[in-house]
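Numbering (UniProt numbering), first residue to last: 1 to 297. Each residue gets a CB set at the ideal place from its N, CA and C atoms; glycine is no exception. All values derive from a computational prediction rather than experimental measurement.
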């Protein structure tokens, strides 16, 4: 294989991992909503994180590679932000359509992309993504009424946690690779599980709940967060943040396919702007901008 081809695949495969992760997590969010009437949003978040943590602990066995004190700090913040992000996002999904909730949540990674930008060309892609997101928000949820303020606030709060997830997830992943995802999800489960148990009780472990919860755990947590943890250290911060602008499009498609949430022509055009921004930032990746992994202690 030529040097040019190797460099091409080195740039593209982290992007491909992110796309698979996004499709998986939004499909899982659609499945998760079927559990809301049974165990609520908090119960669904808790059992999802518990099962995902158990799966990854069995497969990855992170105790084989002890973390340094410096790595634990980043991993702890990464795990807590991951857990709170999931809890707030599922709270938002109770009253806000999936595509709109993802668009509001995306303010977090979009802020990361804007603050990390170093070139005018990067700002152009971010501006294009912003325009698409603003159009989505102004067009609302397809004419069924104004967006619920509590749901919108939860989605925006999840966006803040998403920004922290990106920043500290990069640091944790650079030091300890995919093992950091296992540790982060385990920390998230420890933090969030008591909330779900207090709200839904032992119903989260009911036999009729567990098959759906396991599917959600794999689709929305175990698989995508592991892929993201592998990809994050290999992409520039602003590229990762702007690439995540695909999330509203993927969320809207999942809402359409699994939940029957229809969008109008103008809403799809707005999503097209977001996709164009993602393609633009992918094609203009510069290798020297890639996140530099710190030397482990």
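Do residue 196 and residue 28 come within 7 Å of each other at the CB atom, strictly closer than that value? Their beta carbons are not under 7 Å apart, which means residue 28 does not touch residue 196 by this criterion.
Anyone know if the C-beta pair for residue 261 and residue 97 falls short of 7 Å? Yes, the Cβ-Cβ distance between residue 261 and residue 97 is below 7 Å.
Whole angstroms is fine: what's the gap from residue 294's alpha carbon to residue 231's? Because residue 294 sits at a pLDDT of 36, beneath the cut-off of 50, its placement in the model cannot be relied upon, and the following sentence gives the value as read from the coordinates. Answer to the nearest angstrom: the Cα atoms are 16 Å apart.
Between residue 95 and residue 148, how many whole angstroms is the CB-CB distance? I'm expecting something under 8 Å. About 4 Å separates the two Cβ atoms, so the contact holds.
Should the stretch 45-53 be called in touch with the stretch 206-214, which here means at least 3 C-beta pairs below 8 Å? For the pair of segments examined, the stretch 45-53 was found to touch the stretch 206-214: the number of CB pairs separated by less than 8 Å reaches three.
Proximal residues to residue 76 (C-beta, below 7 Å), its chain only, five neighbours per side dropped: Cβ contact annotation for residue 76 (same chain, cutoff 7 Å, sequence separation greater than five): 187, in chain order.
How big is the Cα-Cα spacing for residue 255 and residue 99? If you take the alpha carbons of residue 255 and residue 99, they lie about 7 Å apart.
The stretch 63-75 contacting the stretch 30-40, beta-carbon criterion three pairs below 8 Å: Fewer than three beta-carbon pairs drawn from the stretch 63-75 and the stretch 30-40 are found closer than 8 Å, and the two stretches are therefore not classed as touching.
Hey, would you say residue 308 sits closer than 7 Å to residue 191, going by beta carbons? Shown here, the chain extends from 1 to 297; a query on residue 308 therefore has no answer.
Using DSSP with H/G/I as helix, E/B as strand and the rest coil, what is residue 2? For residue 2, the three-state secondary structure derived from DSSP is coil.
On a CA-only basis, which of 183, 257, 279, 82 is nearest residue 64? Give me that one, please. When C-alpha distances from residue 64 are compared across 183, 257, 279, 82, the shortest belongs to 183.
Simplified DSSP assignment, three categories, for residue 264: Assignment of residue 264 by DSSP, reduced to helix, strand and coil, places it in the coil class.
Would you call the stretch 148-159 and the stretch 81-95 touching, i.e. three or more CB-CB distances under 8 Å? Contact holds: three or more Cβ-Cβ distances are below 8 Å.
Cβ-based neighbour list, residue 181, same chain, cut-off 6 Å, excluding 5 preceding and 5 following: Its chain contains 225, 226, 229 as the residues whose beta carbon lies nearer than 6 Å to that of residue 181, once the 5 sequence neighbours on both sides are disregarded; these appear in chain order.
Between residue 205 and residue 39, what straight-line distance do the alpha-carbon atoms span, to the nearest angstrom? Approximately 10 Å, taken between the alpha carbons.
When we look at the beta-carbon of residue 3 and count the other beta-carbons within 10 Å, is it buried (16 or more) or exposed? When all chains shown are included, residue 3 counts as exposed.
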